[in-house]
Every structure is written in C-alpha cells, then in structure tokens.
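Mapping the sequence shown onto the working numbering, position 65 (from 1) lands on 81, and the numbers just tick up by one. To start, the structure under review is shown below, and the notes come after it.
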Amino acid sequence: MATAASAYFPHLILPKGVIKEGLYSVLRDAILDGRLASGTKLPSSRVLAEMMSISRNSVLAAMDRLLDEGYVVTKPSSGTYVAELIPDQLISIPEIATKSASDICHKLNINPHIANLLPAWQKQNVSGQGEKIFHVGVGCTDLFPHSLWGKLLGRAWRQSHQQLGQFHDCRGYLPLRQAICDYVRSTRGLKCDVQQILIVNGTQQAIHLAAYALLQPLDQICLDEPGYDAALNIFRSFGIQVHPVSSDHEGMKIAEIIQHYSKSKLIYTAPSHQFPLGGTLSLSRRLALLEWAASQQKWIFEDDYNSEFRYGTHPIQALQGLDQQQRVIYSGTFSKMMFPEFRLGFMVVPESLIEILSLAKYYTDTRSAYLEQAALALFIKEGHYARHVRKVRKACQERQQALIAAIQQFLADVLTVQPTDSGIHVICWLKAPWTEQSFIDQCLAINLAVQPLSRYCQQPYEKAAVLFGYAAHTPDEINMNIQKLAQQIKPT
Ligand SMILES: Cc1ncc(COP(=O)(O)O)c(C=O)c1O
Numbered sequence: 017m018a019t020a021a022s023a024y025f026p027h028l029i030l031p032k033g034v035i036k037e038g039l040y041s042v043l044r045d046a047i048l049d050g051r052l053a054s055g056t057k058l059p060s061s062r063v064l065a066e067m068m069s070i071s072r073n074s075v076l077a078a079m080d081r082l083l084d085e086g087y088v089v090t091k092p093s094s095g096t097y098v099a100e101l102i103p104d105q106l107i108s109i110p111e112i113a114t115k116s117a118s119d120i121c122h123k124l125n126i127n128p129h130i131a132n133l134l135p136a137w138q139k140q141n142v143s144g145q146g147e148k149i150f151h152v153g154v155g156c157t158d159l160f161p162h163s164l165w166g167k168l169l170g171r172a173w174r175q176s177h178q179q180l181g182q183f184h185d186c187r188g189y190l191p192l193r194q195a196i197c198d199y200v201r202s203t204r205g206l207k208c209d210v211q212q213i214l215i216v217n218g219t220q221q222a223i224h225l226a227a228y229a230l231l232q233p234l235d236q237i238c239l240d241e242p243g244y245d246a247a248l249n250i251f252r253s254f255g256i257q258v259h260p261v262s263s264d265h266e267g268m269k270i271a272e273i274i275q276h277y278s279k280s281k282l283i284y285t286a287p288s289h290q291f292p293l294g295g296t297l298s299l300s301r302r303l304a305l306l307e308w309a310a311s312q313q314k315w316i317f318e319d320d321y322n323s324e325f326r327y328g329t330h331p332i333q334a335l336q337g338l339d340q341q342q343r344v345i346y347s348g349t350f351s352k353m354m355f356p357e358f359r360l361g362f363m364v365v366p367e368s369l370i371e372i373l374s375l376a377k378y379y380t381d382t383r384s385a386y387l388e389q390a391a392l393a394l395f396i397k398e399g400h401y402a403r404h405v406r407k408v409r410k411a412c413q414e415r416q417q418a419l420i421a422a423i424q425q426f427l428a429d430v431l432t433v434q435p436t437d438s439g440i441h442v443i444c445w446l447k448a449p450w451t452e453q454s455f456i457d458q459c460l461a462i463n464l465a466v467q468p469l470s471r472y473c474q475q476p477y478e479k480a481a482v483l484f485g486y487a488a489h490t491p492d493e494i495n496m497n498i499q500k501l502a503q504q505i506k507p508t
C-alpha cells in the first residue's frame, strides 16, 4: 500500500543501465530541478523499491550515495528527507536565468520573440512572490460585496438552463454587452452601439487581440514611456518594434510620434491616467493625435483601465468619444473595480474592425465564460456596480490621503510623494543616497510589494522612484506598514 509520502512522489523513470546509478541520477535531478523540494520526506526504501520495481539493495545503495553527497538527510525514527540546503550553484533555475534568451531559444526551439521576454519575466516572478502590502494595481478588494456577488452568481446559474446548450456570440453575452454599452456611453462619453462591444478576459487579452489582428512582426508601434510593461511585452512577443514616447505636463508627446515615429501603425496609450506617472493627455494633444491617426490611417489603442478611480474632479471624457473617424480601439477592465482575479474586460471597437477582432477572439478562446458574464450583467443593470464605484472612490481617496500623510510623517527623508487626483497607486521619488534597488530590497524583506519605476521603463529614467499601491488597505493598515518600513530601513 502506498504511504502518504509516496502518494506525492513524482513519477520518475529509470534510465537503462546500472539500476543503482540510474536511481541515484533520477533522484538527484528531481532534487535539483525542484520536483523534490527541500524538506520533502522520501518514501521508505521498501516502498521505493516496490514503486520502481527494483531491488531494495539498489535503493539502499543509491540512498547511501545521496546521503554522502548531502542531497538527503536522515532523521532518527522519522525517515529520509531532501536536505534543506542544496548548494545554490547546483540548482538549475539560476542556470536558466543566467542563460541568454538566444541560448534558451536555440536549445528549446521556441519562438524567439517570447524567449526575449524570459529575463524580465524571471525577475518579475522572483520579486512578485507572496507579498501582500502595497501591491500596485489591486483595487479595494475588501469592499467588494462578496455575498451579493455570490447571490447573483447563484441567480445567473439557476437561470442558465436555456443558455448552457447554446453557442453564444463570440463577442460575449448580449445582455452584458448592452449593459456595458449603456454604462460607458453615460459615464465615459463613449460613442458606440452594442455591436461594437466585445467582451474579453481583461485588458491583457484586449492588447493581445489587437496585436494578433492588426500587426505583424517588424511592424512599428508607439507606447508610453514609462508605460505598461505587460503591453510592451505582449507587443514584443509578436515581434513588433515598440518606440517609447515620453510625457510632459500635457501627457504623451504626440509631436514626437508624428515627427520621429510616423511609420508606427498603432499608438498604445492610457490618456485619462497615464500609467504609471498618472498624467492626463491634454485636449489639444488628444485632437492632434486623432487628426493624425485619421489622416494617416493609424490605430489608437486607448487603455482606460483606471478611469473610474478619479477623486475630486469629474471623469475626463474618453478619447474614443472625441473620435469622429473611428480610429480608436477602446479597452476597459473590471479587474480594478472588482478584484484582480476577475478576468473580464471589454473592448469598444471601430465598426470596420468588428469582424476581424471577433475572429481574433474566436480563435483565441472562442468566447469568455458565460456564468460571470451573466452575473456581471445583473450587477450592472441592477445598479450595484454604480453603487460600488461610488463607495470605492470615497474609500480610495481616504486611503490615498492616509498613505501620503504617513509617508510625509515617517519617510520624509527618503521619499517625496507625488499627490494625484486619480488611480490606485502613488509615485514616490527617492531622495539621495537611496537607489530603487536598495529601497525595494528592504521593502521585500518585510513583505511590501512596492515596485521600482524602472520596471516600467524601456530606457533609464532621469529620476529614481517607487510605486505604492494603496487601494487594498485601510488607513490604519497603511499607517502601520509605513511606520514599520520607516523603522526598519537603512541606506546601504
Ligand atoms: C496600464 C494598465 N492597464 C490595464 C491593466 C489591467 O489589466 P487587466 O484588465 O488585464 O487586469 C493594468 C493592471 O495593472 C494596468 O496597469
């Protein structure tokens, strides 16, 4: 009978040859590549012999060698465990990380454009593990009406009998598309009808579909600098050349695009809340961009991810609403107002692109999942969404004020905080002698997910800065964590 430990034992295949050598190698490899993690209890020699259909003496010989070399340890009356400390240089993950993208691409025979993203991804993954506080990009998840949402999901499910056997439109569930259409026309000043609404799995899928449907390798596009790293990486994964375009007090420098990057087929920008600096594109630049795009047949991808998080001032009309010539592909998301794991968003697409973008969606994942679309349609139509937006706006403003006050009180020697009237994060400029790396390392050590500005830059930025997300924490939590940070950090 299998023991609890052997039930989780990875499936290992013995190579041909001397059995004890083979077993030693497969166990060692499994330890080095992480399939057998440090501290894992190994099955007994009797169980292992049975599992692998080999003699118990071969198992004992392999185990002795692993023990001698320090890969496993024995604990009296308990058994054999993978050692806690495996020499770092032997573990294969750093080996991959230090290999160049072209080495990896050659070795694995994979798409070179995606391989180019590996170094940045590995860095991001390492710093993104397990942190909870000050995450950039997380909304007020604590205020989300969980039980109401559960009831709406239940209602949608009970009403779903008729729906489940049908193939829905790949553009999404019609009542949701209609609810979104009405909502964005009244709150964001969009000009659209329901035919132009395409439900997607968040902004990232919207960017992906735009790249898939409109661009090809070596095409040129422009993107905010600093800008949304996911957008940059998605475009790059299609082999597209991305020109960085910086901003000043009027937002993205449109004249720079027209002068230097006129071959660009698409301009990606977040005009109502530039990510990550938070500026707004001025009306004169909005009009200049639209006029150029119309006269040169360019596409504009408007990422309106943060438009509902605006405090004190009225929401600014979306660029799409000013577009007379249907050059703007508009993208909205629910992952900020609801919660990050809520993977629904929408596109409002020019009439001429409805067919091609629907096709792109269809051949990506056929359509987005039915149940959450149906519950969201009820959530919006019955007024819960608008109520939630009002609640979140009020709370976010208080949370931002709490963060700014705490930083000014406890970290004034380290950071200059830049107040903003929108969004869910603030930018803080680092004072000398701090570097982004030294600050971020110390934040990570106490579980703070503060991000360096350089993460969002294609080119070195003139000043060092860090981003604090504040929306997911109460004023007390914010204050406590900033105090804790102030007590712990030291310039290095
Ligand atoms: C600039 C920008 N756009 C969009 C999003 C949202 O992406 P999604 O809808 O895929 O969650 C984010 C998330 O952090 C973002 O920073």
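Heads up, the beta-carbon is just placed ideally off N, CA and C, and yes, glycines get one too.
{"query": "Starting from W450 and walking both ways along the alpha helix (DSSP H), at which residues does that stretch end?", "result": "No alpha helix (DSSP H) holds W450; DSSP gives it neither H nor E."}
{"query": "In its own chain, which residues sit with a C-beta less than 8 Å from the C-beta of K167, not counting the 5 before and 5 after it?", "result": "none"}
{"query": "Per DSSP, C444 forms a beta bridge with which residues?", "result": "V433, V482"}
{"query": "Starting from the N-terminal side, write out each stretch of the beta strand (DSSP E) that is 3 residues or longer and does not extend beyond the stretch 239-319.", "result": "257-261, 282-285, 315-319"}
{"query": "Would you report the Cα separation of V258 and L501, rounded to the nearest angstrom?", "result": "37 Å"}
{"query": "Check the DSSP bridge columns for R326 and list the partner residues they point to.", "result": "S438"}
{"query": "Taking the alpha-carbon positions, what's the N495 to C459 distance?", "result": "15 Å"}
{"query": "Strictly by DSSP, which residues pair up with F426?", "result": "Paired residues: none, contrary to the question."}
{"query": "Terminal residues of the continuous alpha helix (DSSP H) containing L64?", "result": "61-68"}
{"query": "Based on the DSSP output, what are the partners of L464 in its beta bridges?", "result": "I149"}
{"query": "Just to check, is the beta-carbon of G188 closer than 7 Å to a non-hydrogen atom of ligand 1?", "result": "no"}
{"query": "With DSSP as the reference, label L133 as helix, strand or coil.", "result": "coil"}
{"query": "Measure how close the beta-carbons of R415 and Y486 come, nearest whole angstrom, since I'm counting them as under 8 Å.", "result": "5 Å"}
{"query": "Any idea if L101 is buried or exposed, counting beta-carbon neighbours within 10 angstroms, 16 or more meaning buried?", "result": "exposed"}
{"query": "What is the DSSP secondary structure of F358, counted as helix, strand or coil?", "result": "coil"}
{"query": "Going by DSSP, what residue range makes up the alpha helix (DSSP H) through L52?", "result": "That residue, L52, is in no alpha helix (DSSP H); it is neither H nor E in DSSP."}
{"query": "So Q212 packs on E398, CB below 8 Å; how close in whole Å?", "result": "So it is not a contact: roughly 24 Å between Cβ atoms."}
{"query": "In angstroms, rounded to a whole number, what distance separates the CA positions of A77 and G50?", "result": "23 Å"}
{"query": "Strictly closer than 5 Å from CB to any heavy atom of ligand 1: give me those residues in the order they appear in the chain.", "result": "G153, G218, T219, Q220, Y244, F291, D319, Y321, T349, S351, G361"}
{"query": "Which whole-angstrom value is the C-beta distance of V466 and L483, which I expect to be below 8 Å?", "result": "7 Å"}
{"query": "To which residues of the same chain is T490 closer than 6 Å at the C-beta, ignoring the five residues directly before and after it?", "result": "none"}
{"query": "Taking three-plus beta-carbon pairs below 8 Å as touching, is the stretch 301-313 in contact with the stretch 242-256?", "result": "no"}
{"query": "Is the number of C-beta pairs between the stretch 336-346 and the stretch 258-276 that are closer than 8 Å three or more?", "result": "no"}
{"query": "Within a Cβ cutoff of 8 Å, which residues of the same chain sit near I456, ignoring the five residues on either side of it in sequence?", "result": "S143, V466, Q467, P468, V482"}
{"query": "Using 8 Å for Cβ pairs, my map puts I443 next to G294. What's the rounded Cβ distance?", "result": "7 Å"}
{"query": "Where does the unbroken beta strand (DSSP E) through L214 begin, and where does it stop?", "result": "213-216"}
{"query": "Using the beta-carbon count (16 or more within 10 Å), is A271 buried or exposed?", "result": "exposed"}
{"query": "Could you please give the first and the last residue of the uninterrupted beta strand (DSSP E) stretch that includes S71?", "result": "Element bounds for S71: n/a, residue is neither H nor E."}
{"query": "On the DSSP letters alone, give me the boundaries of the alpha helix (DSSP H) that G95 sits inside.", "result": "Unbroken run through G95 is the beta strand (DSSP E), 95-98; no alpha helix (DSSP H)."}
{"query": "H404 to F160, Cα distance in whole Å?", "result": "7 Å"}
{"query": "Report all residues from its chain with a CB closer than 6 Å to the CB of N497; omit the five preceding and five following residues, and keep chain order.", "result": "I149"}
{"query": "Using DSSP bridges, identify the partner residues of T90.", "result": "T96"}
{"query": "Excluding the 5 residues flanking K525 on each side, which residues of the same chain have their C-beta closer than 7 Å to its C-beta?", "result": "Since the first residue shown for the chain is 17 and the last is 508, residue 525 is missing from the structure and cannot be characterised."}
{"query": "So, helix, strand or coil for G348, using DSSP?", "result": "strand"}
{"query": "Have a look at V34 and H151 and give me their C-alpha separation to the nearest angstrom.", "result": "52 Å"}
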